[in-house]
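S.K.: In my numbering, the protein residues as written are 60 to 269. Every residue gets a Cβ at the ideal spot worked out from N, C-alpha and C, and that includes glycine. Note that the structure is a prediction, hence the values are computed from the model and not measured.
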């Protein structure tokens, strides 16, 4: 008869996860760069679309498309450069960093599934407003990820970021179809993505110089 595996309380499991984080190595600079660049670039894109919706920006279709493509291209270039920087610096991901990366990766996979769900239904119902609910789901998932990070590291700014993402998700759902929708998107990307990315980047630089 095999022995039963030892049981652990939720408090013990959380303490174990926190001990992993407390012993973590330096923060990946690529994570902070990617988050800050994504917030700035896509926040700028949302601001651009808000200007179009308000009639402040009147670009031809090809110019608008080129701008959007340029935003994504720039983000990918910055991301690749940041990843190469970490690799050239000989960064070795700690267990904590791998766990946090896995959390963001899991949220990313969920986002891909939601793209299919909302995309198919928006096309079937011929309703762009259905598609506009997708960012609300993305924001909610971001809030969940940052809440996990807060529970592991007990950082006040991480909790504030998590709450901000969740409130922004609710706001998008309530403001869908109104001019305020893009304003919320812009504010969230600048304040809840670019700013935390800058904090992560600053911490990575501090740890690298220690």
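Drop a sphere of 10 angstroms on the beta-carbon of residue 255, count the other beta-carbons inside from all chains shown, and report buried for 16 or more, exposed for fewer.
M.R.: With 16 or more Cβ atoms within 10 Å of its Cβ, residue 255 is classed as buried.
S.K.: Under 7 Å Cβ to Cβ from residue 105, same chain only, skipping five residues before and after it: list those, please.
M.R.: Closer than 7 Å at Cβ, skipping near neighbours: 241, 244, 245 and 248.
S.K.: Is the CB-CB distance between residue 161 and residue 202 below 9 Å?
M.R.: For residue 161 and residue 202, no; Cβs fall outside 9 Å.
S.K.: Taking residue 193 as the reference, give the member of 232, 112 and 113 with the closest Cα.
M.R.: Taking only the C-alpha atoms, the option nearest residue 193 is 232.
S.K.: DSSP state of residue 290, grouped into three classes?
M.R.: This structure does not reach residue 290, given that the chain is present from 60 up to 269, and the question cannot be answered.
S.K.: Can you tell me the Cα-Cα spacing of residue 171 and residue 196, whole angstroms?
M.R.: Approximately 11 Å between the Cα atoms of the pair.
S.K.: Just verifying my parser: in three-state terms, what is the DSSP assignment at residue 250?
M.R.: Of the three classes helix, strand and coil, the one that applies to residue 250 here is helix, per DSSP.
S.K.: Nearest-angstrom Cα distance between residue 261 and residue 91?
M.R.: In a straight line, the C-alpha of residue 261 is about 8 Å away from that of residue 91.
S.K.: DSSP on residue 262, reduced to helix/strand/coil?
M.R.: Helix, per DSSP.
S.K.: Residues in its own chain within less than 6 Å of residue 223 by CB, not counting five upstream and five downstream?
M.R.: Answer for residue 223: 251, listed in chain order.
S.K.: For residue 118, report the span of its alpha helix (DSSP H) as first-last.
M.R.: It is not in any alpha helix (DSSP H) - residue 118 carries neither H nor E in the DSSP assignment.
S.K.: Using the C-alpha atoms, what's the distance from residue 259 back to residue 88?
M.R.: Cα-Cα distance, rounded: 7 Å.
S.K.: Is residue 237 helix, strand or coil when you go by DSSP?
M.R.: Residue 237 falls in the coil class under three-state DSSP.
S.K.: Here's a check: name, in chain order, each residue in its chain whose Cβ is nearer than 8 Å to the Cβ of residue 103, leaving out the five neighbours to either side.
M.R.: Closer than 8 Å at Cβ, skipping near neighbours: 130.
S.K.: Give the single residue among 107, 114 and 207 whose Cα lies nearest to the Cα of residue 123.
M.R.: If we check each option's Cα against that of residue 123, 107 comes out closest.
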